[in-house]
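Here the structure is laid out as structure tokens; the discussion comes afterwards.
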């Protein structure tokens, strides 16, 4: 028997526009294709580089939309043709991750898959690897395993994982049972979670044996499961893949893997959590982008953008520059200015969550050209 | 003897960048070349159209910088060659208006000149004409006459004219002596001025017989006066104008006409004021531009710009759009957003006065390309 880590395959679902980051993030250039940390690398590339030491470059699969194929391949030149799964249209995360698992299980029976969003920011690579390695060991025992981020503040923008007692898994000391998933809390509840010590941020990372993951899907979404198996069977033959995709993909149930797999498995005692001590952010909106880029210091102005020309006086918040224009700020606090060639956003950190509603209004108002 | 109104000549000094309106107003396209009211006409054109019924199109002289000749002529196609005076460099308002007066006095002895800024906003044309006509009558009596704007609120952004007793001038009933000019007051003082009934806003409009105006300049600035006469003598001969300008213009003392003429004349009892009942604004900064374009209603968002694409949610203040970009505002109050192809300004009404300091910083910082 090989070591569980040798049977590990990383899956990166690279979908989701990131509407609350408009006009930076767009349908054509979604969030994962942006550098949001000033590293000079896109979030997708950062994700790849984080996973390559764990899985090997030959064992990372990317699931993305057809429209993003060229951009993904440009970012990941070492991504093999067999490791890119193109969605003809988005069918949510169970379809994306489930199809990857089904394809990989056919190719490599006994494979352990781990799915990691393409557009999150993580620092502390060795802590990340340590957590994933524990998760792989626990996954090999049959658990669906998530990595819970140890909270550093009473965040209200994330969902939480409520951990139960420790699980006895050889070689994975920190692993615990999951009691439940909890939705984004209010501030008071978040404070209680933080002090409890048994609540973790849900970063949407799931590690499981592919066969176990598919079993969970089969139990809750049997039709979706059947469709995924049928697609996987047709996948590796060029003659059968296209017709199968055309026929089956549009019929797949749209459901997030949190609902099809994680919550039912937690309820049944089959979900485990490995506490992660690395820093993590889903960069859900400009308020969190501002925080991330000002190292958490309030009252400062974060500037994101190569060659940004910003002149600021008594101003704080964030400027994202994607044009060559001079940007001058005077006396604006907690401001969010996002300057792109065809669209400009001005708001404040307090209202950052409402950007999505503006995107909806622009779509309805016939300004889809800038979305 | 002709009627005084038949001897009237309007002078429009068209200089001054309007730095506090950057990045809308620029060295290359200063404030007077902009439409700041949404009328579809530049402030210079509006000024011309306001003066033409009073003076006639043949009797309006424009004093402007060489760099703006083409733009001025495009705006004022009926402006004759003899009626454009080009400055090789700015030498402040006494030089600009004094040279116009000296040239016109040589051409039309007994002429009455009235100078009116090219970049103010006025509404109530007939009230404006009535005031200027009274001022012309008083000017013919030898007074230096200014038009004082009847204040409608305790503005702290304008200088005030403190009026004394009425003057006995036949055909000009409302004309009063000027006791003094007073600088921009604080709010409490401005409130006292407003309730006093004898304080008027100083709009910088001066009407006088050219010979009288030159006398006042001669009394306070004899060298400047001598230079202006020498220039005027050489002006109408193409062979002598150029050399005279090259030799004399750079030597002229830079001094505002308020200091060389208005204040000394007021002190000597030779300055008169005609109360004007028309609405006037010098549109000194974006706060006043916002107010002007929202008809004074607070809590509204004024939008200035042809084909502006603005989507605003819970926002107030002003957006000036000089690009084709979609501009989205969320939850920003009293905001000032000025969007141009090469520069963006974000500030608030409260900080609008500080735009000039940013312009200075940009100049010093090597970003003169956007000024």
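Chains as they are written, first to last, in the working numbering: chain A, 1032 to 1402; chain B, 1032 to 1402. The C-beta atom is built at its ideal place from N, Cα and C for all residues, glycine as well. This one's a predicted model, so the numbers in the text were calculated from it and none came from an experiment.
Interface partners of residue 1376 of chain A on chain B, CB under 7 Å
1359
Measuring alpha carbon to alpha carbon, tell me which residue in B:1124, B:1159 and B:1278 is nearest residue 1077 of chain B.
Ranking the options by Cα distance to residue 1077 of chain B, first place goes to B:1159.
Going by C-alpha distance, which of B:1390, B:1202, B:1042 and B:1275 is nearest residue 1343 of chain A?
B:1390
Segment limits, alpha helix (DSSP H) that includes residue 1266 of chain B
1253-1266 is the extent of the alpha helix (DSSP H) around residue 1266 of chain B.
Interface residues of chain A around residue 1381 of chain B at Cβ under 9 Å?
Residues of chain A whose Cβ lies closer than 9 Å to the Cβ of residue 1381 of chain B are, in chain order, 1362.
Against chain A, does residue 1305 of chain B count as a neighbour if the rule is that its beta carbon must be under 7 Å from one of theirs?
no
If you scan the stretch 1194-1225 of chain A from start to end, which runs of the beta strand (DSSP E) of 3 or more residues do you find wholly inside it?
1207-1213
Under 8 Å by Cβ, that's how I've got residue 1114 of chain A and residue 1144 of chain A pegged, so tell me the actual separation to the nearest angstrom.
That belief does not hold up - the Cβ atoms of residue 1114 of chain A and residue 1144 of chain A are roughly 12 Å apart, past 8 Å.
Could you list which residues in chain A have their beta carbon closer than 7 Å to that of residue 1389 of chain B, in chain order?
Chain A residues near residue 1389 of chain B: 1342, 1344, 1359 and 1361.
So residue 1168 of chain A and residue 1203 of chain A are in contact, right, with Cβ under 8 Å, and what is the actual spacing, rounded?
4 Å
Less than 7 Å between CB atoms is the rule here; does residue 1356 of chain A satisfy it with respect to chain B?
yes
Can you tell me whether residue 1294 of chain B is helix, strand or coil according to DSSP?
helix
Any C-beta of chain A under 7 Å from that of residue 1351 of chain B:
Residue 1351 of chain B does not count as touching chain A.
Taking C-beta pairs closer than 8 Å, name the residues in chain A that residue 1385 of chain B reaches, listed in chain order.
1344, 1361 and 1362
Output yes or no for whether 7 Å exceeds the beta carbon distance between residue 1305 of chain B and residue 1187 of chain B.
no
Where residue 1393 of chain A meets chain B, residues with beta-carbon distance less than 9 Å
1342, 1357 and 1359
Where does residue 1130 of chain A sit, in a helix, a strand or coil, going by DSSP?
Correct three-state label for residue 1130 of chain A: helix.
For the stretch 1100-1187 of chain B, list the alpha helix (DSSP H) runs that are entirely contained and at least 4 residues long, ordered along the chain.
The stretch 1100-1187 of chain B contains, as complete alpha helix (DSSP H) runs of 4+ residues, the segments 1100-1106, 1123-1138 and 1156-1171 (chain order).
For residue 1366 of chain A, which residues in chain B fall below 7 Å Cβ to Cβ?
What residue 1366 of chain A touches in chain B: 1377.
Helix, strand or coil for residue 1227 of chain A? Go by DSSP, reduced to three states.
helix
Taking 7 Å as the threshold (beta carbon to beta carbon), is residue 1373 of chain A in contact with chain B?
yes
If you draw a straight line from the alpha carbon of residue 1208 of chain B to that of residue 1229 of chain B, how long is it in whole angstroms?
In this structure, the alpha-carbon of residue 1208 of chain B lies about 11 Å from that of residue 1229 of chain B.
Got a sec? Which residues, its chain only, sit under 7 Å from residue 1132 of chain B by beta carbon, not counting five neighbours each side?
1144, 1241, 1244 and 1245
Where residue 1079 of chain A falls: helix, strand or coil (DSSP)
helix
Under the rule that 16 or more other beta-carbon atoms within 10 Å means buried, what is residue 1298 of chain A, buried or exposed?
Around the CB of residue 1298 of chain A, fewer than 16 other CB atoms lie within 10 Å, so the residue is classed as exposed.
Identify whether residue 1054 of chain A lies in helix, strand or coil by the three-state DSSP scheme.
coil
What is the rounded straight-line gap between the Cα of residue 1338 of chain B and the Cα of residue 1173 of chain B?
50 Å
Closer than 9 Å by beta-carbon distance: list the chain B residues that pair up with residue 1060 of chain A, in chain order.
The premise fails here: residue 1060 of chain A is roughly 16 Å from chain B at the closest Cβ pair, so nothing lies under 9 Å.
Proximity test, Cβ basis, 7 Å: residue 1370 of chain A and chain B:
yes
From the DSSP output, which residues share a beta bridge with residue 1414 of chain A?
An answer regarding residue 1414 of chain A cannot be provided, because it is not within the stretch 1032 to 1402 covered by chain A.
How many angstroms separate the CA atom of residue 1336 of chain B from the CA atom of residue 1351 of chain B?
Going from the Cα of residue 1336 of chain B to the Cα of residue 1351 of chain B covers about 6 Å.
Per the DSSP calculation, residue 1358 of chain B is bridged to which residue(s)?
A:1375 and B:1341
Is there a Cβ of chain B sitting closer than 7 Å to that of residue 1401 of chain A, yes or no?
Answer yes: the Cβ-Cβ gap between residue 1401 of chain A and chain B drops below 7 Å somewhere.
Going along chain B, which residues have a C-beta under 9 Å from residue 1398 of chain A?
1340, 1342 and 1357
Cβ-based burial, residue 1100 of chain B [other Cβ within 10 Å; buried from 16]
By the neighbour-count rule (16 or more Cβ atoms within 10 Å), residue 1100 of chain B is not buried but exposed.
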